[in-house]
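J.: Here the sequence shown is numbered in our numbering, starting from -3 and rising by one per residue.
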Amino acid sequence: MKTLCSKINNFFKSYKQKSEIKRTTHLHDGSFIVKPKSNNIFYASIVIAVFLYFWFNIIQNYFNRVGFNFFIRNIPNFFTILGDMIAEFNIDYASNVVTPMVETIQISLIGTFIGAILSVPVAILASRNIMGAKNPVPNIVKSFLAVIRTFPTLVYALIFSYIFDYGTFIGVLATILFTFGIITKMLFEVIEGLDMGAFIAIEATGATKLEAFRAAIVPQILGRFYSIVLYTFEINLRASAILGFVNAGGIGRVLNDQMQLNKFGNVSVIVLSLLVVVLVVENLSQYLRRRLT
């Protein structure tokens, strides 16, 4: 036993010496510098270990519930449904997709626009370098934003459906809240990372914080703000397809109806239409972001 422990100890000592040799840089005067040991591998190993634990835990719970044979037996069903969607592709149904698709774009546009406008003043209040390091307001606002960002769009739509009934309106409300939470966080992080020299100089001349913000900060963040808004619009357009599952309007409602009826030919038309719209919007958004930044 002592011999085994001794061998293990010698192995680690040898590994440490080799590691130090690799990290040693010899200088021209004969001296040398040992670079500090990086902990990146250690931290990466922890992250991978935690990920694998949760992943295998999820798989184990699933197989304990339904059984491995059930999983294997139902894999062909995926290809069966996919084959039905291709074989039964119903191009005649495309005319029924236009109106709900336009409704989806409207929900995303209105929700993104209103949420973006509301986010600007709140992002200013959340910025510590604007409000002051000792001001408690930024911490309060950031805590409020953390609560807002807790829920995804679908949960907001579900909550609003119990309050305001079903329809496009609750889809817009859910999109506004989601947009507000995301853009506000991203915007105040941009503001807090800015060089405040110009802001402080303008404020020292007697200008108010708002005047200094408009003159010194707005020109620095305007391009980034537009880029964030366009990116959020892309997210909202994709998320709007899910809102239909809680009857919040748009293409998602039609998709849910056709899936429940097992009309896979119609489903394939809806999915293809949504894919085309998302790709067009994404490419247009990337073009505009390049021009703005």
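Glycine is no exception: its CB is placed at the ideal position from the N, C-alpha and C atoms.
Can you round the beta-carbon distance between A212 and A194 to whole angstroms, since I take them to be within the 8 Å contact cut?
T.: Position 216 of the sequence shown, counted from the first residue, corresponds to residue 212. Position 198 of the sequence shown, counted from the first residue, corresponds to residue 194. With a Cβ gap of about 4 Å, A212 and A194 count as contacting.
J.: With A142 as the anchor, note down where its alpha helix (DSSP H) starts and where it stops.
T.: Here the question's residue 142 lines up with position 146 in the sequence shown. Counting along the chain, the alpha helix (DSSP H) containing A142 begins and ends at 133 to 144.
J.: Can the beta-carbon of T292 be found less than 8 Å from the beta-carbon of T149?
T.: Any question about residue 292 goes unanswered here, given that the chain covers just -3 to 289.
J.: Does DSSP classify F260 as helix, strand or coil?
T.: Start at 1 with the first residue of the sequence shown, and residue 260 comes out as number 264. Helix, per DSSP.
J.: What do you get for T100, buried or exposed, if any count of 16 or more other CB atoms within 10 angstroms of its CB means buried?
T.: For the purposes of this step, residue 100 is taken as residue 104 along the sequence shown, with counting starting at 1. T100 comes out buried.
J.: Alpha carbon to alpha carbon, how far is F47 from A208? Give it in angstroms, no decimals.
T.: The count along the sequence shown starts at 1 and reaches residue 208 at position 212. The count along the sequence shown starts at 1 and reaches residue 47 at position 51. Cα-Cα distance, rounded: 46 Å.
J.: Evaluate Y152 with the Cβ neighbour count: other Cβ atoms within 10 Å of its Cβ, from every protein chain shown; 16 or more gives buried, anything less gives exposed.
T.: By 1-based counting over the sequence shown, the position of residue 152 is 156. By the 10 Å Cβ count, Y152 comes out buried.
J.: Report buried or exposed for R69, applying the criterion of at least 16 other Cβ atoms within 10 angstroms of its Cβ.
T.: Within the sequence shown, residue 69 is the residue found at index 73, counting from 1. Under this definition R69 is an exposed residue.
J.: Ordered along the chain, which non-local residues of its own chain (more than five positions away) have a Cβ less than 7 Å from that of E278?
T.: As a working note, residue 278 is residue 282 in the sequence shown. Within the same chain, E278 has close Cβ partners E230.
J.: Between the Cα of V168 and the Cα atoms of N262, S104, P117, which residue gives the shortest distance?
T.: Start at 1 with the first residue of the sequence shown, and residue 168 comes out as number 172. For the residues N262, S104, P117, the minimum Cα distance to V168 belongs to S104.
J.: Tell me whether the beta-carbon of G245 lies closer than 8 Å to the beta-carbon of T171.
T.: Mapped onto the sequence shown, residue 245 falls at position 249. Mapped onto the sequence shown, residue 171 falls at position 175. Result no, Cβ atoms of G245 and T171 do not sit closer than 8 Å.
J.: Count the other C-beta atoms from every protein chain shown that fall within 10 angstroms of the C-beta of G240, then say buried if there are 16 or more, exposed otherwise.
T.: Taking the sequence shown and counting its residues from 1, one reaches residue 240 at position 244. Label assigned to G240: buried.
J.: On the CB-based measure, 16 or more other CB atoms within 10 Å of its CB, does T180 come out buried or exposed?
T.: Stepping through the sequence shown from its first residue, residue 180 is reached at position 184. Result: buried.
J.: Using the C-alpha atoms, what's the distance from Y162 back to P72?
T.: Position 76 of the sequence shown, counted from the start, is the residue given in the question as residue 72. Position 166 of the sequence shown, counted from the start, is the residue given in the question as residue 162. One C-alpha to the other measures close to 36 Å.
J.: Ignore the nearest five residues each way along the sequence and tell me which others in G261's own chain have a CB closer than 6 Å to its CB.
T.: To locate residue 261, count along the sequence shown from 1; it is residue 265. Once the five neighbours on either side are set aside, the close Cβ partners of G261 are E84, F85, N86.
J.: In three-state DSSP terms, what is N125?
T.: Position 129 of the sequence shown holds residue 125. Helix.
J.: Would you call T146 buried or exposed, if buried means 16 or more other Cβ atoms sit within 10 Å of its Cβ?
T.: The residue given as residue 146 occupies position 150 in the sequence shown. Exposed, because fewer than 16 other Cβ atoms sit within 10 Å of the Cβ of T146.
J.: Apart from the five residues just before and just after I198, which ones in its own chain have a Cβ nearer than 8 Å to its Cβ?
T.: To locate residue 198, count along the sequence shown from 1; it is residue 202. Answer for I198: E207, A208, A211, A212, listed in chain order.
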